[in-house]
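Have a look at the structure below, then the notes.
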Amino acid sequence: MSKITQTQITELLCQRLACFTDVEAEISPETNLITHLAIDSVKLLNLIMEIEDQFDISVPLNALVDVLTVQDLANLIYKIKLSS
Amino acid sequence: MSSIIAKLDVPPAQEGNSLSSEASVVSATPTINLLSQRRADFTTLVESLEYAAQGETGHNFYDAKGNLKSVLTYKDLCANAKIIARRLSGLGLARNSRVALVADTTPEFVELFFACRFAGLVPFAMPVPVNLGSRAIYVQQLKGMLEGSGASVAIANLDFIEFLNEVVGSLGSSELKWSGTPEQLNLLPEADVALSPNAPDETAYLQFTSGSTRLPRGVVITERALMTNLRGIVCNGLDVRPGDRCASWLPFYHDMGLVGLVLAPLAAQLSVDYLATRDFAVRPLQWLKLISRNRCTIAFSQPFGLKLCTLRARVSDLIDLDLSCWRAAGVGAEMIRLDTLKSFSAKFSAAGFNEDAFLPCYGLAESTLAVSFPDINQGVKSLRVDAKTLIEKKIAVRVQADGRKFNEFVNCGRPLPGHEIRVVDDADQEVPHLMVGSILVKGGSVMNGYFNNTEETARAIRSDGWLDTGDIGFLFEGDLYITGRRTDVIIVNGRNIRAQDVEELAEQQPEVRTREASAFGINNEDGSTSVVLVVECRLASAVDRQALINRLQQMVYMAFGVSCLVELVSPHTLPRTSSGKLSRFAARQGFLRRTNMEQPATTSYTVG
Chain S
1 MSKITQTQIT ELLCQRLACF TDVEAEISPE TNLITHLAID SVKLLNLIME IEDQFDISVP
61 LNALVDVLTV QDLANLIYKI KLSS
Chain P
1 MSSIIAKLDV PPAQEGNSLS SEASVVSATP TINLLSQRRA DFTTLVESLE YAAQGETGHN
61 FYDAKGNLKS VLTYKDLCAN AKIIARRLSG LGLARNSRVA LVADTTPEFV ELFFACRFAG
121 LVPFAMPVPV NLGSRAIYVQ QLKGMLEGSG ASVAIANLDF IEFLNEVVGS LGSSELKWSG
181 TPEQLNLLPE ADVALSPNAP DETAYLQFTS GSTRLPRGVV ITERALMTNL RGIVCNGLDV
241 RPGDRCASWL PFYHDMGLVG LVLAPLAAQL SVDYLATRDF AVRPLQWLKL ISRNRCTIAF
301 SQPFGLKLCT LRARVSDLID LDLSCWRAAG VGAEMIRLDT LKSFSAKFSA AGFNEDAFLP
361 CYGLAESTLA VSFPDINQGV KSLRVDAKTL IEKKIAVRVQ ADGRKFNEFV NCGRPLPGHE
421 IRVVDDADQE VPHLMVGSIL VKGGSVMNGY FNNTEETARA IRSDGWLDTG DIGFLFEGDL
481 YITGRRTDVI IVNGRNIRAQ DVEELAEQQP EVRTREASAF GINNEDGSTS VVLVVECRLA
541 SAVDRQALIN RLQQMVYMAF GVSCLVELVS PHTLPRTSSG KLSRFAARQG FLRRTNMEQP
601 ATTSYTVG
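Going line by line, the protein sequences match chains S and P.
Counting from 1, one number per residue, gives the positions in the first sequence under the UniProt record's numbering.
Counting from 1, one number per residue, gives the positions in the second sequence under the UniProt record's numbering.
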């Protein structure tokens, strides 16, 4: 886990999100978390917990305000992971 | 934590012999105070703090993993707040100027809040952003509060200062004289002034209620109203005693978090253990662990918070928990459903939770916080009433025979001393017991009004002093039962969402005209609430229509953090009153009728 690439994070996220939501459609980096996956607040909290446990990071609230797509979230995780 | 463990191995000769060893070991403030307890019998907030500062108790802040992060004794809080007050005084602000604080769960927020009171300034707490993709709307929300309050100072910590700076940059002519972080404030010189005492009639703070749009409403609470309410909570609601200790994850920008779990414990010199709201939301069990580990006796939550705990706890989590110390499990801030409480106690009774600890109460920011409490230690009482008679005749008839369809409502107790509750019909006439109507409240805790907003104030407070709570319910044997909210507020997962705010968001879209959107809440089978937005739409292309639906869902999500059901209808579908105003009630009826007749998959609404 020490040298994880941005692409790997994105792939992992897409996989996790697929089990996480009941949406049939394929999840890509461009998938919008709100309109396509209907991530409500409870799902979001679960997702953050999983991300934090899996990547061993802490996701600050203020960073989520710029996240709309799977790619945005992956970029954020990568950034936090790099600086930790 | 490692420093505490390390200290256990230190030879006794070195222990506790220097200031530095004391400073390096952080330990939580004690539960038992050597200072004799005074139960909120003070005339002002700073007087309460001056007294609490003579003891050893105070605030403890824990991180996401449950480690003690920082400790702020009331003694230090008092001293630090006075220093900051002198720095604020150096800015040369008029007495009662407003100070905006982005309220993260930190010691700095509490220090700043009290610094304002020492300096004769009026603090108010602004929320932290919690929703995905919500930057633009969050900034707009802060802007509304800064403008609405005419704030002279605005402070945010490092995590949130960029949002505040964005707002400050966009403010035109404003009364704002200074903005920055607590660290920047600490660089200001201390003015050589005597801090003058506060008077009971002065404003203690403003509390903004929901409000995401242009006209947020700031509730004005005086020192007198605040101290009246704190006394009611401490003496009557909770019957606070020595040995009590509180735990809280509630946000400092909510009335229950601020008044109930910061100011009330302070007025009774109790120690409090805090967990940031975000950390609770991600790992709710940390809250229960804190209660168990520190033997806390008082902790409040919205029903939604209890639900999160129930959902997330695994059987293995219960082994390490001992919740038998928890004597007042306050529940409030949204409609309380009995099954939420039942599933919580079913799950946590194995961890020693005593269901008699449940304390379902009723209150609202417009009455400082608390309005009614049931007797302590009696648990939840409820009433089963016939569902049909309730809807058709607005009367709560107790269900006697089995087999009848019923609604079960939770007993929220009696009004605090010096307060009265009245239930009235649409003609403003008081109705007999068991008749459902609008709940009005009168008493010493009621707000002066909304800040700088005479129109909304007049709508909320009658000329005879009765506050219209906006909630509906009935009284039975003197106890209050809430049966619902009126249609202007939708409560989802503990968040109050004003229907008007949702409609205004829709109307900001170029395709949507003013007065052509209606928002309301509907109840789902599982007891949760969904926001529905019905919009009159002239678009013909299916692609355009879907794009509008997506955009509206995204906007609503970003603003309120909830999914929303969007239905596009033809122009002139939404029912209007004779004066041309939309009727949300009728719009809701129409929606329910349409969705029953049509299959969801083939109509123009999608579940978001």
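We treat Cβ as the ideally placed atom computed from N, Cα and C, and that holds for glycine.
Legend entry - Three or more C-beta pairs below 8 Å linking the segment 427 to 446 of chain P and the segment 473 to 481 of chain P: Result yes; three or more Cβ-Cβ pairs closer than 8 Å.
Legend entry - Assigned exposure category for P/Ala151 - 16 Cβ within 10 Å defines buried: With 16 or more other Cβ atoms within 10 Å, it is buried.
Inset, instruction - Consider the Cβ of P/Thr602: report whether some Cβ of chain S lies at a distance smaller than 8 Å. - result: Here the model assigns P/Thr602 a pLDDT of 23, short of 50, so the residue's position is not dependable, and the following value carries that caveat. By this cut-off, P/Thr602 is not an interface position.
Legend entry - Residues in the segment 540 to 561 of chain P having any Cβ partner in chain S nearer than 7 Å: Cβ contacts with chain S: Asn550, Gln553, Gln554, Tyr557, Gly561.
Legend entry - the segment 237 to 255 of chain P in contact with the segment 69 to 88 of chain P per 3-pair CB rule at 8 Å: The answer is no - the segment 69 to 88 of chain P does not touch the segment 237 to 255 of chain P, with fewer than three Cβ pairs under 8 Å.
Inset, instruction - Assuming P/Gly444 and P/Thr228 form a contact by the criterion Cβ under 8 Å, report the distance between their Cβ atoms to the nearest whole angstrom. - result: For P/Gly444 against P/Thr228, the beta-carbon gap comes to about 4 Å, under 8 Å, which counts as contact.
Legend entry - Beta-bridge pairing of residue 646 of chain P - partner residues as DSSP gives them: Past the boundaries of the shown model lies residue 646 of chain P; chain P is included only from 1 to 608, so the question cannot be answered.
Legend entry - Within chain S, partners of P/Ser134 - CB distance below 7 Å: Within chain S, the residues near P/Ser134 are Val65.
Inset, instruction - List the endpoints of the continuous beta strand (DSSP E) containing P/Ser438. - result: Residues 437 to 443.
Inset, instruction - Could you tell me which of P/Ser367, P/Ser530, P/Arg538 sits nearest to P/Gly470, measuring between CA atoms? - result: The residue with the shortest Cα to Cα distance from P/Gly470 is P/Ser367.
Inset, instruction - Spell out whether any CB of chain P is found under 8 Å from the CB atom of S/Glu11. - result: Not closer than 8 Å to any Cβ of chain P, the Cβ of S/Glu11 fails to qualify, so no.
Inset, instruction - Using a Cβ cut-off of 8 Å (strictly closer), state whether P/Val566 contacts chain S. - result: No, no contact with chain S.
Inset, instruction - With DSSP as the reference, label P/Cys325 as helix, strand or coil. - result: Three-state DSSP puts P/Cys325 in coil, outside helix and strand.
Inset, instruction - Would you grab the beta carbon distance between P/Val139 and P/Trp178 for me? Rounded to a whole angstrom, and I think it's under 8 Å. - result: Wrong, their Cβ atoms sit about 19 Å apart, outside the cutoff.
Inset, instruction - Return the bridge partner residues of P/Trp178 from the DSSP annotation. - result: When beta bridges are read from the DSSP output, P/Trp178 appears opposite P/Val153.
Legend entry - Same chain only: Cβ atoms within 7 Å of S/Arg16, ignoring 5 sequence neighbours per side: These residues qualify, in order along the chain: Glu50.
Inset, instruction - Could you spell out the range, first to last residue, of the beta strand (DSSP E) harbouring P/Val71? - result: Where P/Val71 is concerned, the enclosing beta strand (DSSP E) starts and stops at 68 to 73.
Inset, instruction - May I ask you to verify whether the segment 140 to 148 of chain P touches the segment 263 to 276 of chain P, counting CB pairs closer than 8 Å and requiring at least 3? - result: The answer is no - the segment 263 to 276 of chain P does not touch the segment 140 to 148 of chain P, with fewer than three Cβ pairs under 8 Å.
Legend entry - chain S contact residues for P/Tyr138, given Cβ-Cβ distances below 8 Å: Going along chain S in sequence order, the residues near P/Tyr138 (Cβ under 8 Å) are Val65.
Inset, instruction - Kindly list, in the order they appear in chain S, the residues whose Cβ is closer than 8 Å to that of P/Pro129. - result: Residues of chain S passing the Cβ test: Leu61, Asn62, Leu64, Val65.
Legend entry - Neighbour-count burial assignment, P/Phe585, 16 or more Cβ in a 10 Å radius: Exposed, by the Cβ-count rule.
Inset, instruction - Check P/Glu162 in the structure and name its three-state DSSP category. - result: Annotated three-state conformation of P/Glu162 is helix, per DSSP.
Inset, instruction - With 8 Å as the threshold, decide whether the Cβ of P/Phe409 is near any Cβ in chain C. - result: Reference to chain C is not applicable here, since the protein chains of this structure are S and P.
Legend entry - When P/Val502, P/Gly521, P/Asn596, P/Glu525 are compared against P/Arg551, the one with the closest alpha-carbon: Taking only the C-alpha atoms, the option nearest P/Arg551 is P/Val502.
Legend entry - Delimiting residues of the alpha helix (DSSP H) encompassing P/Thr389: Segment 387 to 393, the alpha helix (DSSP H) holding P/Thr389.
Inset, instruction - Consult DSSP for P/Val399 and reduce its assignment to one of helix, strand or coil. - result: In the three-state reduction of the DSSP assignment, P/Val399 falls in the coil class.
Legend entry - Cβ-Cβ distance between P/Leu568 and P/Val535 below 8 Å: Yes, they are a contact pair.
Inset, instruction - With 7 Å as the limit, tell me which residues of the segment 151 to 169 of chain P have their beta carbon closer than that to any beta carbon of chain S; keep them in chain order. - result: Residues Asp159, Phe160.
Inset, instruction - For P/Arg498, name the three-state secondary structure that DSSP assigns. - result: Residue state, collapsed to three classes: strand.
Inset, instruction - Please check if any C-beta of chain P sits within less than 8 Å of the C-beta of S/Ile77. - result: Not one chain P Cβ lies under 8 Å of S/Ile77.
Inset, instruction - Per DSSP, which residues does P/Ala125 bridge with? Please list them. - result: Note: P/Ala125 sits in a beta bridge opposite P/Leu101.
Legend entry - For P/Phe113, three-class secondary structure by DSSP: In the structure shown, P/Phe113 falls within a helical segment according to DSSP collapsed to helix, strand and coil.
Legend entry - Rounded Cβ spacing between P/Pro200 and P/Arg224 (contact assumed at less than 8 Å): The pair is a contact, with the Cβ atoms about 4 Å apart (cut-off 8 Å).
Inset, instruction - Figure out for me which residue from P/Val130, P/Leu158, P/Asp244, P/Phe113 has the closest Cα to the Cα of P/Arg38. - result: Of the candidates P/Val130, P/Leu158, P/Asp244, P/Phe113, the one whose C-alpha sits nearest the C-alpha of P/Arg38 is P/Asp244.
Legend entry - Euclidean distance between Cα positions of P/Phe124 and P/Leu101: For P/Phe124 and P/Leu101, the distance between alpha carbons rounds to 6 Å.
Inset, instruction - Name the one or two DSSP bridge partners that P/Tyr481 has. - result: Beta-bridge pairing links P/Tyr481 to P/Asn411, P/Phe474.
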